[in-house]
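Q:
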Amino acid sequence: MQALVEAVLPSLEVAMKTVGIKGDFWRNMLGRSKEASQGDLALPCFPFAKQLDCSPADAAKKIADAIELDIGDAIAVGPYVNIRASMDWLAGHLSKGPSSKGTILIEHTSANPNGPFHVGRARNAVLGDTFVRMYRAAGYDVTAEYYVDDMGKQVGILCWALENLDENKVRELLAEGEIPIEDSPHSSKEDHARVLWYQAANLLKSKDPAVDAGVTELVQLSEEADADVLSRFEAAYQPVLDGMLVTLGRMGISFDSFTKESRFIVDGSVEVLMDQLQSSQLHGVAENGAHFLELESKGVKGKSTQFFYRRGDGSSLYATRDLAYHQYKWTQSTRLLNILGEDHKLQSKQVGIALEELSIQPPEVVFYAFTKLDDGKMSTRRGNVVFMDDLLDEAQSRALETVKEIRADLSSEKLQQISEAVGVSATRFNIARISPEKGITFRWADALSLEADSAPFIMYSHARACSIQRKAGDVDTSVGLDTSLLTGSAAELVRRMAYMNDELQSSIDSNGPHQFCAWLSALAVDYNRFYRDNHVVTDEGVNVQNFIISEMARDHLRRGCEAVGIIPIEEM
RNA sequence: GGGCGCGUCGCAUAGCUGGAUAUUGCACCGGCCUCCUAAGCCGGGUUUCGUGGGUUCGAAUCCUGCCGCGCCCGCCA
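Add 753 to the 1-based position in the first sequence for this note's numbering, that's all there is to it.
1. Please report the straight-line C-alpha distance between ASP1009 and MET769, rounded to a whole angstrom.
2. Check ASN1296 in the structure and name its three-state DSSP category.
3. Pairing CB atoms from the stretch 1144-1164 with CB atoms from the stretch 928-936, are three or more of them under 8 Å?
4. I need the boundaries of the beta strand (DSSP E) containing LEU1238, first residue and last residue.
5. Report the CB separation of HIS1044 from TYR1062 in whole angstroms; it is logged as a contact under 8 Å.
6. Name the two residues that bound the continuous beta strand (DSSP E) containing ALA1039.
7. If you reduce the DSSP assignment to three classes, tell me which class LYS787 lands in.
8. Could you tell me whether any non-hydrogen atom of the ligand FMN is closer than 7 Å to the CB of GLN1103?
9. Could you please give the first and the last residue of the uninterrupted alpha helix (DSSP H) stretch that includes ILE1211?
10. Between the stretch 1273-1291 and the stretch 1216-1226, do three or more beta carbon pairs fall short of 8 Å?
11. State the start and end residues of the unbroken beta strand (DSSP E) segment that holds THR1012.
12. Tell me whether VAL1138 sits in a helix, a strand or coil according to DSSP, three-state version.
13. Please determine, among GLY825, TYR893, PHE884 and ALA1244, the residue with the shortest C-alpha to C-alpha distance to SER1263.
14. Quick check: GLN902 and ASN955, are their CB atoms within less than 8 Å of each other?
15. Nearest-angstrom Cα distance between ALA795 and VAL767?
16. Restricting to Cα atoms, I'd like to know which of ARG1181, ILE1301 and TYR1280 is closest to GLY1327.
17. For TYR990, which of helix, strand or coil comes out of DSSP?
18. Per DSSP, what kind of secondary structure is LYS960 in: helix, strand or coil?
19. Going by beta carbon distance, what residues of the same chain come within less than 8 Å of GLU1210, once the five residues before and after it are set aside?
20. LYS922 to SER941, Cα distance in whole Å?
21. Could you please give the first and the last residue of the uninterrupted beta strand (DSSP E) stretch that includes GLN1059?
22. Could you tell me the alpha carbon to alpha carbon distance between SER1237 and ILE824, rounded to whole angstroms?
23. So, helix, strand or coil for ASP882, using DSSP?
24. For the alpha helix (DSSP H) containing VAL1232, name the first residue and the last one.
25. Taking the alpha-carbon positions, what's the VAL761 to VAL1119 distance?
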């Protein structure tokens, strides 16, 4: 819509002057129309009534009459001036691919490698990967980054458990703690296998102080960059991480780079930063020698406004390493975006302030609200989770039931492929289409919904377009699109497609992937209506104009799907 | 106690730099396959936009009081 606004503004300015409106306060009153039938842009004329000494409706009429547009028309409807772009202008925006926009590093997921991926963590991954895809679709050079927490307490517990507990002990502890060990097709995956040790150690920790002591010793050594401990940690978590990445890969989520937290201890950068922070105006030292920044003057409120970055024993904290991590990330890209759960808001703010104290620019951050189960928050430690592997299985098998019914003609291999694509896409879309700050309560029925306004609906439209393309065969499209013939649902479809780049960019700029998801759904609706009204393959042969439009829609649907992580299969 | 976020039809959800009848889906009712995929299309809604005030020509949108829910306020990660 931004492109249209810019195209229209000059004529509007002239018109306003002609009519006698002073100033340019009206510029940001120019908004997008609520309904397609009202055109593309609308200008409410209430405020002009006083200046022109007439009714708002008359003002609208005067202004509309004074507008001369060669890229569309302006019509007064009641107290509004509705501006509609011409088909020519819209069609001109169809072929335009995204321009190159520079680099951005998007860090997302970064889950502790202590157990299988669960649906609580999935929101971060889906949201993050959707951003990665949307930024790529918009022309950015994106690095998808995973921060591996390879030295904290979580990994410490995992490592200790694997080195000190045997299988019988683990089973015994879990039985006592009433954490069920479910037999699933994924039991042999290392993330599923090893999480039992993690859970068992957590149970044991509460009654056996030796566990805590053992773990603490390991963690301390890791914080001192002890090479032996770090490699034992890696041996413990890497298979878990690999298992998690398999799950993510199944969802179409992959990463370009992995950075280990311990790196910043090993290379000494954390130490350097801690020294630098001492010269901050905000710097303070606690009784036991711990260092902090006093953030009250920076607008941080609450019980404690002190941000500790160095313990009394001189060691660093997670947040301190995060500072070094951000310093490092700036060497990799010109823009940084983090996807974080809302529980990290304060922490993120503190880190941001500390970074500014170090003259390092803070990253951009998108926060999302948690996914809860009906009976509370998910926790790997307590074992009340829905694993992503199981959710995806369930989604696939539900999709399979539907495909089997509809497409009895397909081979079982094909059915498997389609249902897997549908299951994964539906699962992702059900998360991506909700605005990030809205809390989600996990319900199987919602998570697996295959209804309209979901991924399968969009995939279906795309598959339709593919089917038409196959039926049409080789078509000579050199005549190009004749915009003068466009009316009705065909015109609406072209209009929708013309705004793809605008929608993508504005969705990115407002940190709301759900907006682009909604556009994509609307595109599918428009294509279905076009399909109803305009036949491509007819008894008389292929209608070339309709074929051209159908092919453009196929392309837009495919690109749109890829931008939100829906798999654009060609048949379903 | 304080900070941040959320509260929109039975359920879910959009809109929230103030503007035209509050979007969409589910569920519910009815219609459409001798024609390119009916996972589709068409029609059917009396919604206190949590609630009380305020600002405005105009408030779901801005300000403010209150209520409910979530997250956070560790020398944890």
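For every residue, glycine included, the Cβ atom is placed at its ideal position computed from N, Cα and C.
A: According to the structure shown:
1. Distance from the CA atom of ASP1009 to the CA atom of MET769, rounded to whole angstroms, is 52 Å.
2. Note: ASN1296 maps to coil in three-state DSSP.
3. They do not touch, by the three-pair rule.
4. That residue, LEU1238, is in no beta strand (DSSP E); it is neither H nor E in DSSP.
5. That pair is a contact at about 6 Å.
6. ALA1039 -> no beta strand (DSSP E), and no H or E assigned at all.
7. In the three-state scheme derived from DSSP, where H, G and I count as helix and E and B as strand, LYS787 is classed as coil.
8. Among the components of this structure there are no ligands whatsoever, and the ligand FMN is therefore not found.
9. Counting along the chain, the alpha helix (DSSP H) containing ILE1211 begins and ends at 1208-1225.
10. Cβ pair count under 8 Å is three or more, so yes.
11. 1010-1013 is the span of the beta strand (DSSP E), which, as asked, contains THR1012.
12. Three-state DSSP puts VAL1138 in coil, outside helix and strand.
13. For the residues GLY825, TYR893, PHE884 and ALA1244, the minimum Cα distance to SER1263 belongs to PHE884.
14. Reading the sequence as shown, one finds Asp at residue 902 and not Gln. No, the pair does not count as a contact, with Cβ atoms beyond the cut-off.
15. A straight-line Cα-Cα distance of about 17 Å links ALA795 and VAL767.
16. Only positions 754 to 1325 of the chain appear in this structure, which leaves residue 1327 out of reach.
17. The DSSP-derived three-state label of TYR990 is helix.
18. If DSSP states are grouped into helix, strand and coil, LYS960 belongs with coil.
19. Note on residue identity: the sequence assigns Phe, not Glu, to residue 1210. Correct list, in chain order: GLU1204, SER1274 and ALA1277.
20. About 19 Å.
21. Unbroken beta strand (DSSP E) run through GLN1059: 1059-1063.
22. SER1237 and ILE824: Cα-Cα distance of roughly 13 Å.
23. Correct three-state label for ASP882: helix.
24. Counting along the chain, VAL1232 falls outside any alpha helix (DSSP H), and DSSP gives it neither H nor E.
25. Each residue's alpha carbon lies about 33 Å from the other.
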